[in-house]
Every structure is written in C-alpha cells, then in structure tokens.
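Colleague: Quick one: the structure is below, questions incoming.
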Amino acid sequence: MLNVIFYSPTKDEELEWKTYDVDGNEVVIKETTAVNRPISFACDTMVNGDSFFAYDSSILSFNGQMPSLVTANSMFECTNITEVHFNDDMANFNSVKNGASMFAECSKLKSVKIELNTLVNGEKMFYKSPITTLECPSFESVLYGQYMFS
Amino acid sequence: MFDKVSKLTKIPCKFPSLKNARQMFMECNISGHLDLDMPRDFPNVKTNSFTGGNYPTAYMFGKCPITSISFDVSTCDHCISMFNSCTQLTSCSKAVFMVGGNYQNMFSESMFDEASADIIIAAARTANVSMLHIGMNSAYRNDNFKSKHGCEQVDEGYDDQWKVTGTNIIIKWN
Chain H
6 MLNVIFYSPT
16 KDEELEWKTY
26 DVDGNEVVIK
36 ETTAVNRPIS
46 FACDTMVNGD
56 SFFAYDSSIL
66 SFNGQMPSLV
76 TANSMFECTN
86 ITEVHFNDDM
96 ANFNSVKNGA
106 SMFAECSKLK
116 SVKIELNTLV
126 NGEKMFYKSP
136 ITTLECPSFE
146 SVLYGQYMFS
Chain P
26 MFDKVSKLTK
36 IPCKFPSLKN
46 ARQMFMECNI
56 SGHLDLDMPR
66 DFPNVKTNSF
76 TGGNYPTAYM
86 FGKCPITSIS
96 FDVSTCDHCI
106 SMFNSCTQLT
116 SCSKAVFMVG
126 GNYQNMFSES
136 MFDEASADII
146 IAAARTANVS
156 MLHIGMNSAY
166 RNDNFKSKHG
176 CEQVDEGYDD
186 QWKVTGTNII
196 IKWN
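Residue numbers (the numbering used here), protein chains in the order written: chain H, 6 to 155; chain P, 26 to 199.
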C-alpha cells in the first residue's frame, strides 16, 4: 500500500501529495489527480476543506496522528470511496472540529469506522451517503448533528 | 449529485452529549424496536443537553420505520418532534417523561395501539407535560378517551404545516 503524506499547506502554497511507490520512489501527486487504488494518509494536521473533493479512490485510511482536523466538505461527493477508517496510532487524534458534509454524497461509501472522542460539527457529515456499517466506539460528545445520517 | 438516502439501520454508538440532533437519523432505516433509555445510554446527558436551534430534536428519528419503542427521557426537557412521521410506530413498552417537559409533535403521525397509547399518555400525565401529540390507530379513538385519561382538553388534527393525517390527538392538561 502506498504511503501518502499530506502536507499542511499555507494559503500561499499549492496542495501536494507526497507518495512513494512500492520501490520507494517518490511520486508527487497534485491535488486533483485521481488515484484509483487504496491509499493511506499519515497526516499531521488537515486544515483545508474540500481536500478530496470528488477524489477517485476506494479506501481512505487515516493512520496518522492528527491532533486537529478541520475538514468541512473534505470528502464531499467522493465517488469511489467505499470505506473510511480513522484508526491506528490515534493517541493524539481525538477531535474533529468541523465534520460538516465531510463524507456527504459519497455514493459508494458503505463502511465508516471512526475512533475519536469529540465531534464539534457533524452537520450533514454522512448526508445522502449509503452508510450501512458505522462504528464510533469512543464518541463522547457530538455537537450539531443536524442531518448527520440523513 | 444523487438522491440516495442513508441505509443506516442501527444507532451506531452512544452519544453522551448531543447538542442539536435535529434530523440526525431522519429517513435512516432504523427499524424494528428502538430502546432509547437516556439515563443509561446517555450517561452524561443533562437536562439542557438537547439545546440549540428552535427544535433541537425535530425529526431526530423522523420517518424511520421504527415499529416499537421503549424510552426514558426523564432528563430531556423538550423532545419536540423526535419521532415525527414514524408512521409504522405502533407499540410502546415503557415511557418516562421529564416533569413539565414539552413533547409537542413527538409522536405525530404514529399509529399507536390502545395499550401503548395508554402507557404514553399516563406517563405524560404523571410528568405533567405541557403538550404531547400522539398518533393512535383508529380503533382507540373512542368516546372513553377523555374520561379514561382525565384530559381536560383533547383536540384532533393540527395545522397544515405538519401534514397531519387526521389520526393525531393533541393532549393538554390545563
């Protein structure tokens, strides 16, 4: 599996993915480039919404330590995502500050596992996505859950 | 854009604290029996946890194909419209309301049988709720209703905004 590293951009920087192929060669993928295969993300911080808009990959697995996640619309209308996992090495990843429409209208998204404590804004987080399996074993608090699973 | 709705069939996890759960599970496929026992499943919930917006629980389970419920909402001061348009809801095995709470439109358009409606109405009366809407099947809409439950006011129907089918009873104890 490729290791895809998301760099936190400033406003003046271009979004860029740093990945490695199976031989260890670095491959740079621009933001809108489709990667039609499973990928995982080792992230420090995601601050930019719309990060994966209409992204073409089947499984998103967030394995990094993300102390802060501000990702409104980040996976909105991603057409080929079937599974999303927020797991592994979750020591510092316990909060989603803005999950509004995060996985909305992902037409093939069936399975989501999220291990985190606090969701500040879950409005339309899974809106119109055909979720059949959802595991949120460590949720303690949800603020603003309007239309969350509608 | 597409028009599919969630097929979520179960509440996936416990939410100790919810602020504004409006339409949270609306039109999901949460079906069969729903055990909503807040003191147990929502251990840290406070009396004002369902806050935010004008109707923080409006349509929370709206239009879900729930057929029976058991609920203890004694820590929820207003569960307005929580089960609105759950038209397959016919049975209730346990009902506990918060004293003085407002349950306006909570069961609008449900189809409770007589035994279940009795449980809910008796619980509402015990808790002295300010308002309760409950849909009952036609077999239970009889002349004994007022005397049986001591209601001082019983109205049928509601305004067009809520698209009431005519089976609803609005109960107020003055």
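The beta-carbon is built from N, C-alpha and C at its ideal position, and this holds for glycine as well.
Nothing here was measured: the structure is a model prediction, and the numbers come from that model.
Would you tell me roughly how many angstroms separate the C-alpha atoms of H/Y132 and H/A109, rounded to the nearest one?
Modeller: Those two C-alpha atoms are separated by around 5 Å.
Colleague: Mind checking who P/M156 pairs with in its DSSP beta bridge?
Modeller: Per DSSP, P/N127.
Colleague: What are the residues in the stretch 35-55 of chain P lying within 8 Å of chain H by C-beta distance?
Modeller: Those would be P37, C38, K39, F40, P41, S42, L43, K44, N45, A46, R47, Q48, M49, F50, M51, E52 and C53, in chain order.
Colleague: So is P/L33 in contact with chain H if we call contact Cβ pairs under 9 Å?
Modeller: It does; some Cβ of chain H falls within 9 Å.
Colleague: Please decide whether H/C157 counts as near chain P, where near means a Cβ-Cβ distance under 9 Å.
Modeller: Nothing about residue 157 of chain H can be read from this structure; chain H reaches only from 6 to 155.
Colleague: What distance in whole Å lies between the Cβ atoms of H/Y149 and H/N122, which are believed to be in contact at a cut-off of 8 Å?
Modeller: That belief does not hold up - the Cβ atoms of H/N122 and H/Y149 are roughly 16 Å apart, past 8 Å.
Colleague: Measuring only the C-alpha atoms, how far is P/D62 from P/F132?
Modeller: If you take the alpha carbons of P/D62 and P/F132, they lie about 17 Å apart.
Colleague: What does H/M153 touch in chain P if you count any residue whose Cβ is under 7 Å from its own?
Modeller: Going along chain P in sequence order, the residues near H/M153 (Cβ under 7 Å) are M49.
Colleague: Note down the Cα distance separating P/S141 from H/M80, rounded to an integer number of angstroms.
Modeller: Going from the Cα of P/S141 to the Cα of H/M80 covers about 43 Å.
Colleague: With 16 other CB atoms within 10 Å as the buried threshold, where does H/A105 fall?
Modeller: So H/A105 ends up on the buried side.
Colleague: Put H/A39 into one of helix, strand or coil per three-state DSSP.
Modeller: Because H/A39 sits at a pLDDT of 39, beneath the cut-off of 50, its placement in the model cannot be relied upon, and the point is left open.
Colleague: Kindly list the residues whose CB is nearer than 6 Å to the CB of P/K188, restricted to its own chain and excluding five residues on each side of it in sequence; keep chain order.
Modeller: Caution applies to P/K188, whose pLDDT of 34 falls short of 50 and renders its modelled position unreliable; the model cannot decide the point.
Colleague: Tell me the rounded alpha-carbon separation between P/N109 and P/H174.
Modeller: Looking at the two C-alpha atoms, the distance is approximately 23 Å.
Colleague: State the Cα-Cα distance for the pair H/F58 and H/I86, rounded to the nearest angstrom.
Modeller: For H/F58, the pLDDT reaches just 47, beneath the cut-off of 50, and the residue's location in the model is therefore unreliable, although a value from the coordinates is still provided. Going by the C-alpha atoms only, they are around 11 Å apart.
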